[in-house]
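Undergrad: Please read through the structure below; I'll follow up with questions.
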Amino acid sequence: MDLRQFLMCLSLCTAFALSKPTEKKDRVHHEPQLSDKVHNDAQNFDYDHDAFLGAEEAKSFDQLTPEESKERLGKIVSKIDDDKDGFVTVDELKGWIKFAQKRWIHEDVERQWKGHDLNEDGLVSWEEYKNATYGYVLDDPDPDDGFNYKQMMVRDERRFKMADKDGDLIATKEEFTAFLHPEEYDYMKDIVVQETMEDIDKNADGFIDLEEYIGDMYSHDGNADEPEWVKTEREQFVEFRDKNRDG
Numbered sequence: 001m002d003l004r005q006f007l008m009c010l011s012l013c014t015a016f017a018l019s020k021p022t023e024k025k026d027r028v029h030h031e032p033q034l035s036d037k038v039h040n041d042a043q044n045f046d047y048d049h050d051a052f053l054g055a056e057e058a059k060s061f062d063q064l065t066p067e068e069s070k071e072r073l074g075k076i077v078s079k080i081d082d083d084k085d086g087f088v089t090v091d092e093l094k095g096w097i098k099f100a101q102k103r104w105i106h107e108d109v110e111r112q113w114k115g116h117d118l119n120e121d122g123l124v125s126w127e128e129y130k131n132a133t134y135g136y137v138l139d140d141p142d143p144d145d146g147f148n149y150k151q152m153m154v155r156d157e158r159r160f161k162m163a164d165k166d167g168d169l170i171a172t173k174e175e176f177t178a179f180l181h182p183e184e185y186d187y188m189k190d191i192v193v194q195e196t197m198e199d200i201d202k203n204a205d206g207f208i209d210l211e212e213y214i215g216d217m218y219s220h221d222g223n224a225d226e227p228e229w230v231k232t233e234r235e236q237f238v239e240f241r242d243k244n245r246d247g
């Protein structure tokens with residue numbers, strides 16, 4: 001396939017891998033973002049560029065001439081082509097994007113590890129994380145920015161304890177990864193669900209009603225008609241998610 005066809009295919013695979021329509025608000029938990037750019041293929045392919053190369057690698061591509069970019073892209077494509085038949089399939093692209101997600105997680109953990117392993121013993125204790133993240137809040141419990149940092153700290157401690165398998169309040173790098181990216185670990189699924197429920201359940205009654213469910217994904221804009229996907233989500237909620245039809 002030529003380069004434009006390749007980029008179009010990449011765009012479709014990226015959308016498939018992330019499974020999140022661009023018009024929807026971010027969910028509480030979802031697969032790691034591969035780029036901080038807006039995912040809008042009608043405007044450009046910048047998001048897909050980052051997803052395909054990795055954000056840091058994409059920055060280096062921006063400094064290359066078209067010839068140099070083409071040469072380096074060819075080397076990357078050869079890595080994606082698992083069966084070495086000279087073609088990149090949709091499945092091979094999906095696999096590469098999944099690889100890019102895992103690479104992003106690894107880089108994120110390494111970056112945060114350096115800022116939280118304060119005594120450089122190769123472990124991160126809850127006290128280290130709390131002091132590095134909330135130390136200034138403990139000195140000023142009522143900051144002016146409106147965030148409830150005490151509540152955030154309680155949630156973080158609960159998640160840290162869940163990630164900490166041996167219960168010593170000291171995280172290995174694997175446990176720290178589970179803390180930062182719980183959606184990647186089966187044993188962290190319950191905390192992902194709990195935090196998602198808490199964030200969507202605005203009236204804190206222990207249930208998610210239809211408007212809370214829609215409100216998590218879509219902000220109504222004045223008198224504008226709801227997009228078709230919102231109507232579909234309403235139908236899905238009523239027909240399949242609300243089993244006892246109590247709203």
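One point on numbering: in my numbering, the residue at position 48 of the sequence shown is 48, and numbering is uninterrupted. Beta carbons are placed, not taken as given, at the ideal position from N, Cα and C, and that holds for glycine.
Could you check the C-alpha separation between K98 and D209 for me, to the nearest Å?
TA: For K98 and D209, the distance between alpha carbons rounds to 33 angstroms.
Undergrad: Determine the DSSP secondary structure at A163, reduced to helix, strand or coil.
TA: Reduced to three states, the DSSP call for A163 is helix.
Undergrad: Give a yes or no on contact between the segment 151–166 and the segment 181–194, applying the rule of three or more CB pairs nearer than 8 angstroms.
TA: A contact exists between the segment 151–166 and the segment 181–194.
Undergrad: Mapping DSSP to helix, strand and coil, what is S78?
TA: Three-state result, S78: helix.
Undergrad: Would you give the residue range spanned by the alpha helix (DSSP H) that F99 belongs to?
TA: Element bounds for F99: V90 to H116.
Undergrad: So, at 6 angstroms on beta carbons, what are the nonlocal neighbours of L123 in its own chain, with the 5 sequence-adjacent residues on each side left out?
TA: If we look at L123 and ignore the five residues flanking it on each side, its Cβ neighbours are I170.
Undergrad: Is H116 near Y129, with beta carbons less than 7 angstroms apart?
TA: Taking 7 angstroms as the Cβ cut-off, H116 and Y129 qualify as a contacting pair.
Undergrad: Could you tell me which of T232, S60 and I191 sits nearest to R155, measuring between CA atoms?
TA: Among T232, S60 and I191, the Cα nearest to that of R155 is on I191.
Undergrad: For V124, write down the residues that DSSP places opposite it in a beta bridge.
TA: DSSP output for V124 lists A171 as bridge partner(s).
Undergrad: Go ahead and pull the three-state DSSP assignment for Y185.
TA: Coil, per DSSP.
Undergrad: Here's the rule I'm using: 16 or more other beta-carbon atoms within 10 Å means buried, otherwise exposed. How should H181 be labelled?
TA: That one is buried.
Undergrad: Please report how far the alpha carbon of D225 lies from the alpha carbon of N203, in whole angstroms.
TA: Each residue's alpha carbon lies about 26 angstroms from the other.
Undergrad: Compare the Cα-Cα distances from H106 to each of E68, F179, S125 and N131 and report the closest residue.
TA: Selected option, being the one with the closest Cα: F179.
Undergrad: If I80 sits next to W96, beta carbons under 8 angstroms apart, how far is it from one beta carbon to the other, in whole angstroms?
TA: Going by Cβ atoms, the distance from I80 to W96 rounds to 5 angstroms, so yes, they are a contact pair.
Undergrad: Write down the C-beta distance between F176 and W113 rounded to the nearest angstrom, noting that I regard them as a contact closer than 8 angstroms.
TA: With a Cβ gap of about 7 angstroms, F176 and W113 count as contacting.
Undergrad: Which value, in whole angstroms, describes the spacing of the CA atoms of G206 and N244?
TA: Taking the straight line joining both Cα atoms gives about 16 angstroms.
Undergrad: Considering just the uninterrupted stretch of the alpha helix (DSSP H) at T232, what are its terminal residues?
TA: That run of the alpha helix (DSSP H) goes E228 to Q236.
Undergrad: List the whole-angstrom C-beta distance separating Y213 from V230, where the pair is believed to meet the contact cut-off of C-beta under 8 angstroms.
TA: 11 angstroms between Cβ atoms; not a contact.
Undergrad: Take E183 as the anchor and find which of R159, I200, G167 and D201 has the nearest alpha-carbon.
TA: Among R159, I200, G167 and D201, the Cα nearest to that of E183 belongs to R159.
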